[in-house]
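Read the structure below first, then the notes.
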Amino acid sequence: MLGGKRVLDGLDLHVPAMGSVGIVGRSAAGKSTLLSLVAGLEEPDAGEISVGGAAAAGGRLARCALMPQRDCLLPWRTALDNAAIALENAGLPRRDARRRAAPLFARLGLAGAERLRPAKLSGGMRQRVAFLRTLLADKPVLLLDEPFGALDAITRAELQEWLADALAAEPRTVLLVTHDVEEALLLCERVLVLAGGRVAAELDVDVPRDAPRREIVTSHSFLELRERALEAIG
Amino acid sequence: MRRIWPPLVLLAAAVGAWELVVRAAHVPDYLFPAPTKVASSLADDAGLLGRATLVTVREILLGYLLAVAVAIAIAVVLHFSAALRRALLPILVLSQTVPTVLLAPILAILLGYGIRPKLIVVAVVCFFPIVVNTVDGLRSADPELVRMMRTLNGGRLAIFRRVELPGALPAIFSGARVAATYAAVGAVFGEWAGSSSGLGFVILQAQPALETARIFAAVLVLSALALALYALVTLAEHLLVPWRPEARNA
Chain W
1 MLGGKRVLDG LDLHVPAMGS VGIVGRSAAG KSTLLSLVAG LEEPDAGEIS VGGAAAAGGR
61 LARCALMPQR DCLLPWRTAL DNAAIALENA GLPRRDARRR AAPLFARLGL AGAERLRPAK
121 LSGGMRQRVA FLRTLLADKP VLLLDEPFGA LDAITRAELQ EWLADALAAE PRTVLLVTHD
181 VEEALLLCER VLVLAGGRVA AELDVDVPRD APRREIVTSH SFLELRERAL EAIG
Chain L
1001 MRRIWPPLVL LAAAVGAWEL VVRAAHVPDY LFPAPTKVAS SLADDAGLLG RATLVTVREI
1061 LLGYLLAVAV AIAIAVVLHF SAALRRALLP ILVLSQTVPT VLLAPILAIL LGYGIRPKLI
1121 VVAVVCFFPI VVNTVDGLRS ADPELVRMMR TLNGGRLAIF RRVELPGALP AIFSGARVAA
1181 TYAAVGAVFG EWAGSSSGLG FVILQAQPAL ETARIFAAVL VLSALALALY ALVTLAEHLL
1241 VPWRPEARNA
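Here's what the structure looks like:
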C-alpha cells in the first residue's frame, strides 16, 4: 500500500501506507486534477503515478476510492443503498451489501438515516453517507476532494471531528485535498502547500490528536503550523 | 386538483354552445348531431360500442406495450453502440415520414384482418418519441456520477444499471406519455385498413348509414381511452420515479 506519486509538472509526493497527507492550495491550483490522476480516472501527460505498486490506470482504479467534492449520492437510492453501492458494483447481492453497510451506520452516528433518500438528508448527513460509501469500497487508499467544501462552518467543524474519529476506527491511507488549512492540519499527519504548481512548504503535523478540537486548534504548535502554511500559500 | 377546473369549464361552455347552435339553426342530425343526441347514441348503442371498445382497448394496450418494449430495447442498443447510433437514428427519423395511413393497408394485406397488423400500426405510431427520449435520457447522465461509479468498482454494466437507466426514467416517461396520446389513433388507422370489429370499424360502418351521432359517440370513447392510457402512464411514473419531486407537475 505504498504510494510513490509524482503528479503535475515538477510535483513529487509520497504518501506512506496508512499515512495521511493533506494538500492545501488556492482554488484552481490543480488539486482536483491531482486526485483524478491518482485515482486512475485520467492518465498524466508525463511522469509517473503508482499506487501500491500499480502504475497503470486500471490498477490505480482498483486501489483507490475517490470521494468527490459534490456528494454525488444517487437520488433514487436510500442512504443505506447509496453507501453500499461499491459492494453491489463488486458483485455482492443487494441484501449482503446492505448487511455489510448497516453496522457502519450505527457505529458512525448515522443510525436512523438508513432508509431515507438523499433529498431528505441535511448537507452534513449527505457528506457522511458519501464518506461511508467511499469507505465501503474496501480500497486501501482514500482520496478526499474538498469533502466538506459545500458545508457551513459549524457543520464543517463537526464533520472534521467526525471524520477524524471515523478514520481512527477504519484506518486507511488518505490523500486529502482542501483549501482549508485548518482542515488539513486537523486530519493529516503531513501537509503540503501547493502554490504556483509546486510544493511551497511541507509541514509535519505534530499535535496531540486526542484532545478536543477546540484545544487542538488553539494550541501553540497548531497556530504556528497554520501560520507557516498560510504564509506559504501567499 | 385546481388545475383541472379551467379546461373543464371551457369544455362545458363549448359543449353548451354547440347544443344551442345546433338547435337554433335546426341542423339535421346526420350533418351535425347535438351533444344530447351523441349522449343518447352512447346509451342506445351501449352494447355495440362496448363490444367494439373491448376489441380496440386490447389493440391499444398490446400495441402500446409492444412499442414501449421495442423502443427501450432499440434505445439501449443505440446507447451502447455509437456506430449503430450514427447508422440507425437517421433511418428511424426517416421511418417517421412514412404515413401510417399508407402502412396500415400494406400490413393488412400481409397479415390479414386479425389483431397483429393493428398491434404493429399502434407500435409504429408510438415507438418513436420513446426511442428519442430514452436515448437522450441515457446519454444525459451526470458525468460526475459516472466518475464516482468508476472509482467505486463500477464497470460499464453497473454504471448502466445503477446510474444511467434510473436517471433516464423521467425522460423515458416523457416519451411514453407523448406516445400514449398516439395509440388510439394508431388503432383506428389499423382497423380502417381492414377489420371486422373495433371502434374504427364501427365508425366505418356508421358513415354510409349516416349514423353521425354514433360516429361522435365512438370518437368520444376513443378520446376517453387515450386519456385513460395517459393517466395510467402518469400513475406508473409516480410509482416508479418517486424521487423526482417535480414529477407531480408534469
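Quick note, the sequences are listed as chains W and L, same order.
Be aware that the first sequence starts at 1, since it is given in my numbering, and climbs by one per residue.
Be aware that the second sequence starts at 1001, since it is given in my numbering, and climbs by one per residue.
From the three backbone atoms N, C-alpha and C, an ideal C-beta is built for every residue, glycine too.
In the DSSP assignment, find the unbroken alpha helix (DSSP H) run with residue i in it and report its ends.
| i | result |
| --- | --- |
| E202 (chain W) | Counting along the chain, E202 (chain W) falls outside any alpha helix (DSSP H), though it belongs to the beta strand (DSSP E) covering 198-204. |
| C1126 (chain L) | 1116-1139 |
| S1095 (chain L) | 1082-1095 |
| L1152 (chain L) | Careful: L1152 (chain L) lies outside any alpha helix (DSSP H) and carries neither H nor E. |
| V1178 (chain L) | 1165-1192 |
| A83 (chain W) | 79-83 |
| A39 (chain W) | 31-39 |
| D1044 (chain L) | 1035-1044 |
| Q1207 (chain L) | Q1207 (chain L) -> no alpha helix (DSSP H), and no H or E assigned at all. |
Chain W beta carbons: is any one of them nearer than 8 Å to that of residue i?
| i | result |
| --- | --- |
| E1164 (chain L) | no |
| R1147 (chain L) | yes |
| A1158 (chain L) | yes |
| E1144 (chain L) | yes |
| A1250 (chain L) | Note that A1250 (chain L) has pLDDT 37, beneath the 50 cutoff, so the model's placement of it is unreliable and the number below is only indicative. By this cut-off, A1250 (chain L) is not an interface position. |
| E1237 (chain L) | no |
| T1134 (chain L) | no |
| G1137 (chain L) | no |
| V1015 (chain L) | no |
| T968 (chain L) | Here chain L has residues from 1001 to 1250 only, and residue 968 (chain L) is not among them. |
| R1058 (chain L) | no |
| L1152 (chain L) | yes |
| W1192 (chain L) | no |
Do you know whose CA, among the options, lies nearest residue i's CA?
| i | options | result |
| --- | --- | --- |
| T78 (chain W) | W:A17, W:L176, W:A113 | W:A113 |
| A195 (chain W) | W:A17, W:G25, W:L13 | W:G25 |
| D12 (chain W) | W:A150, W:D210, W:E202 | W:E202 |
| A1012 (chain L) | L:A1228, L:D1029, L:T1036, L:P1242 | L:T1036 |
| T178 (chain W) | W:G52, W:E231, W:Q160, W:P171 | W:Q160 |
| P140 (chain W) | W:A39, W:R70, W:I23 | W:A39 |
| G1186 (chain L) | L:G1194, L:L1048, L:V1101 | L:V1101 |
| Y1254 (chain L) | L:A1193, L:L1152, L:W1018, L:L1119 | Any question about residue 1254 (chain L) goes unanswered here, given that chain L covers just 1001 to 1250. |
| R70 (chain W) | W:A97, W:F148, W:R133 | W:F148 |
| G1114 (chain L) | L:E1191, L:R1214, L:V1233, L:V1219 | L:E1191 |
| V1125 (chain L) | L:G1194, L:T1053, L:A1071 | L:A1071 |
| R1085 (chain L) | L:L1111, L:T1097, L:L1138, L:I1109 | L:L1138 |
| P75 (chain W) | L:S1174, L:E1164, L:W1018 | L:E1164 |
Does residue i pass the burial test, meaning 16 or more other C-beta atoms within 10 Å, or should it be called exposed?
| i | result |
| --- | --- |
| A169 (chain W) | exposed |
| R95 (chain W) | exposed |
| R214 (chain W) | exposed |
| P1099 (chain L) | exposed |
| K120 (chain W) | exposed |
| G68 (chain W) | It is worth fixing the name first, because residue 68 (chain W) is Pro in this sequence and not Gly. With 16 or more Cβ atoms within 10 Å of its Cβ, P68 (chain W) is classed as buried. |
| S221 (chain W) | exposed |
| Q1207 (chain L) | exposed |
| L1239 (chain L) | exposed |
| Y1064 (chain L) | buried |
| P118 (chain W) | buried |
| V51 (chain W) | buried |
| V1221 (chain L) | buried |
| P1242 (chain L) | exposed |
| A1250 (chain L) | Legend: pLDDT at A1250 (chain L) = 37, less than 50; position of this residue unreliable, value from coordinates given subsequently. Per the 10 Å Cβ criterion, exposed. |
| R1162 (chain L) | buried |
| I1159 (chain L) | buried |
| M1148 (chain L) | buried |
| F1216 (chain L) | buried |
| S1195 (chain L) | buried |
| E224 (chain W) | exposed |
| D204 (chain W) | exposed |
What are the start and end residues of the beta strand (DSSP E) that includes residue i?
| i | result |
| --- | --- |
| G25 (chain W) | 20-25 |
| I49 (chain W) | 49-51 |
| V141 (chain W) | 141-145 |
| T13 (chain W) | A small correction: the amino acid at residue 13 (chain W) is Leu; Thr does not occupy that position in the sequence shown. Per DSSP, L13 (chain W) belongs to the beta strand (DSSP E) from 13-15. |
| L66 (chain W) | 64-67 |
| A113 (chain W) | Careful: A113 (chain W) lies outside any beta strand (DSSP E) and carries neither H nor E. |
| V174 (chain W) | 173-178 |
| R190 (chain W) | 190-195 |
Can a CB atom of chain L be found closer than 8 Å to the CB of residue i?
| i | result |
| --- | --- |
| P68 (chain W) | yes |
| P75 (chain W) | yes |
| C64 (chain W) | yes |
| R117 (chain W) | yes |
| C188 (chain W) | no |
| D61 (chain W) | Per the sequence shown, residue 61 (chain W) should be read as Leu rather than Asp. Yes, L61 (chain W) lies at the interface with chain L (some Cβ there is under 8 Å from its Cβ). |
Interface positions of the region 75-95 of chain W facing chain L (Cβ-Cβ less than 9 Å), listed along the chain: Going along the region 75-95 of chain W in chain order, one finds P75, W76, R77, I85, A86, L87, E88, N89, A90, G91 with a Cβ nearer than 9 Å to chain L.
Members of the region 23-50 of chain W that neighbour chain L once the beta carbon cut-off is set at 8 Å: So the close ones are S36, A39, G40, L41.
Interface residues of the region 131-142 of chain W facing chain L [CB-CB below 9 Å]: For the region 131-142 of chain W, the set of positions with a beta-carbon nearer than 9 Å to some beta-carbon of chain L reads R133, T134, L136, A137, D138, K139 in chain order.
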